[in-house]
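Chemist: Pasting a structure below so you can have a look.
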């Protein structure tokens, strides 16, 4: 009995605050490294499927809705306005232009955008798409 | 007796000193938790993926290629026409891979009609990526009047 009491007396109160803080910091670093911010799409579109690679975060976002409306960085613009906005950002020609277009859209709508991009020397394009799964590949 | 008192005093002093040197990490923990909650709430795990394509510069010069080096691909609504032959996706991949094994530098020329759906264009690009074809030419065919 005496022995037990002396053992309990030796026990110390341990605070878990420091280790909790460590854990929180670790998770914080993980989230900061892995999070991606939602790109300014402007409109919800159904993107086509393709064999894809990861797109860069630092892109200029242009979306085209199923009705053929253009969205520049989330704002609806006409084709002329889009041209002017690209002209204003001619210093950012090295940046990738991410095109998010509806899969059922006529190609001519995308072609006119590509023409403008080429005119303004925005040559690095990424066509946003869903990754094609293995099942779909075998179809 | 005196020595006992001396020991008691000494222990008190030591414990005070150790208290003085302790770092209170609770504030850091609070801050970390606060930022952690912020990142959990605002983060999105949406994978942004796509097909990369580099357009030619408007000042780029044209180059005349020998006919066998270029393969003309016409995406249609449900299939592909490769060198005037209608084939499905799997056949196209097979043929392109075969051609790639013969000639590594061959050019795939994609001819797009205005009314063809955008997904067909992306699919054609996807096929070229799957076959690891580096040189892809894109030709927009104007609407016939």
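Residue numbers (this note's numbering), protein chains in the order written: chain A, 67 to 205; chain B, 3 to 147. All C-beta atoms in this analysis are idealised placements derived from N, C-alpha and C, irrespective of residue type, glycine included.
At least one CB of chain B closer than 8 Å to the CB of residue 124/A: is that the case?
Modeler: The sequence position of residue 124/A within the first chain is 58, counting from 1. Answer no: the Cβ-Cβ gap between residue 124/A and chain B never drops below 8 Å.
Chemist: Going by beta-carbon coordinates alone, are residue 86/B and residue 109/B separated by less than 8 Å?
Modeler: Locating residue 86/B in the second chain gives position 84, where the first residue counts as 1. Locating residue 109/B in the second chain gives position 107, where the first residue counts as 1. No, the Cβ-Cβ distance between residue 86/B and residue 109/B is not below 8 Å.
Chemist: Using 8 Å as the limit for Cβ to Cβ distance, is residue 76/B near chain A?
Modeler: Along the second chain, one-based indexing puts residue 76/B at 74. Not an interface residue.
Chemist: Can you have a look at residue 121/B and say buried or exposed, based on whether 16 or more other CB atoms are within 10 angstroms of its CB?
Modeler: As a working mapping, residue 121/B is identified with position 119 in the second chain. That one is buried.
Chemist: Which of the three DSSP states is assigned to residue 100/A in this structure?
Modeler: Position 34 of the first chain holds residue 100/A. Residue 100/A: helix per DSSP, three-state reduction.
Chemist: Taking 7 Å as the cut-off, is the C-beta of residue 143/B nearer than that to any heavy atom in the ligand GDP?
Modeler: Annotation note on the ligand GDP: not contained in the displayed structure, which lists no ligands.
Chemist: So, using beta-carbon positions, are residue 188/A and residue 152/A closer together than 8 Å?
Modeler: Along the first chain, read from residue 1 onward, the residue named residue 188/A stands at position 122. Along the first chain, read from residue 1 onward, the residue named residue 152/A stands at position 86. Yes.
Chemist: In terms of residues, what are the limits of the alpha helix (DSSP H) holding residue 154/A?
Modeler: Start at 1 with the first residue of the first chain, and residue 154/A comes out as number 88. Run containing residue 154/A: 145-154, per the alpha helix (DSSP H) assignment.
Chemist: Looking at C-alpha atoms only, which residue of 102/A, 82/A, 75/A, 174/A is the closest neighbour of residue 26/B?
Modeler: Looking up residue 26/B in the second chain gives position 24. The residue with the shortest Cα to Cα distance from residue 26/B is 82/A.
Chemist: Please list, in chain order, the residues of the stretch 114-134 of chain B that have any C-beta partner in chain A closer than 9 Å.
Modeler: Against chain A - using a Cβ distance shorter than 9 Å - the residues of the stretch 114-134 of chain B are 114, 115, 116, 117, 118, 119, 120, 121, 122, 123, 124, 125, 127, 128, 129, 131, 132.
Chemist: When the Cα atoms are used, what is the spatial distance from residue 163/A to residue 101/B?
Modeler: By 1-based counting over the first chain, the position of residue 163/A is 97. By 1-based counting over the second chain, the position of residue 101/B is 99. The alpha-carbon atoms of residue 163/A and residue 101/B are separated by roughly 31 Å.
Chemist: Could you tell me how far apart the beta carbons of residue 123/B and residue 173/A are, in whole angstroms, since I believe they sit closer than 8 Å?
Modeler: Here residue 123/B refers to the residue found at position 121 when the second chain is read from its first residue. Here residue 173/A refers to the residue found at position 107 when the first chain is read from its first residue. Correct: roughly 5 Å between the Cβ atoms.
Chemist: So residue 97/A contacts chain B; which residues on that side make the cut at Cβ distance below 7 Å?
Modeler: For the purposes of this step, residue 97/A is taken as the residue at position 31 of the first chain. Here the neighbours are 38, 41, 42, 45.
Chemist: For the pair the stretch 88-99 of chain B and the stretch 56-66 of chain B, tell me if three or more CB-CB distances fall below 8 Å.
Modeler: No, because fewer than three Cβ pairs between the stretch 88-99 of chain B and the stretch 56-66 of chain B fall closer than 8 Å, the two stretches do not touch.
Chemist: In whole angstroms, what separates the C-alpha of residue 96/A from that of residue 107/B?
Modeler: Against the first chain, residue 96/A aligns to sequence position 30. Against the second chain, residue 107/B aligns to sequence position 105. Using only the alpha carbons, I get a separation of about 43 Å.
Chemist: Going by Cα to Cα distance, which pick from 144/B, 145/B, 44/B, 84/B is closest to residue 126/B?
Modeler: One-based indexing of the second chain puts residue 126/B at position 124. Here the closest residue by C-alpha is 84/B.
Chemist: Grab me the residues of residue 142/B's own chain with a C-beta within less than 6 Å of its C-beta, minus the 5 sequence neighbours each way, in chain order.
Modeler: Start at 1 with the first residue of the second chain, and residue 142/B comes out as number 140. Cβ neighbours of residue 142/B beyond the five flanking positions: 114.
Chemist: Identify, in the order they occur along the chain, each residue of the same chain with its Cβ nearer than 6 Å to the Cβ of residue 117/A, setting aside the five sequence neighbours on each side.
Modeler: As a working note, residue 117/A is residue 51 in the first chain. Cβ neighbours of residue 117/A beyond the five flanking positions: 198.
Chemist: Show which residues of chain A have a CB atom less than 7 Å away from the CB atom of residue 57/B.
Modeler: What you label residue 57/B is simply residue 55 of the second chain in a count that begins at 1. Here the neighbours are 180, 183, 184, 189, 191.
Chemist: Is the beta carbon of residue 129/A sitting closer than 8 Å to the one on residue 166/A?
Modeler: By one-based count along the first chain, residue 129/A stands at place 63. By one-based count along the first chain, residue 166/A stands at place 100. Contact flag set, yes.
Chemist: Residues of chain A with a CB under 8 Å from the CB of residue 53/B: which are they?
Modeler: Working through the second chain from its first residue, we reach residue 53/B at position 51. The answer, in chain order, is 116, 117, 118, 119, 192, 193, 195.
Chemist: Tell me whether the beta-carbon of residue 145/B lies closer than 8 Å to the beta-carbon of residue 116/B.
Modeler: The count along the second chain starts at 1 and reaches residue 145/B at position 143. The count along the second chain starts at 1 and reaches residue 116/B at position 114. Cβ atoms of residue 145/B and residue 116/B: closer than 8 Å.
Chemist: Taking all protein chains shown into account, decide if residue 50/B is buried (16 or more other Cβ within 10 angstroms of its Cβ) or exposed.
Modeler: As a first step, residue 50/B must be located in the second chain, where it is residue number 48. Its Cβ being crowded by 16 or more others within 10 Å, residue 50/B is buried.
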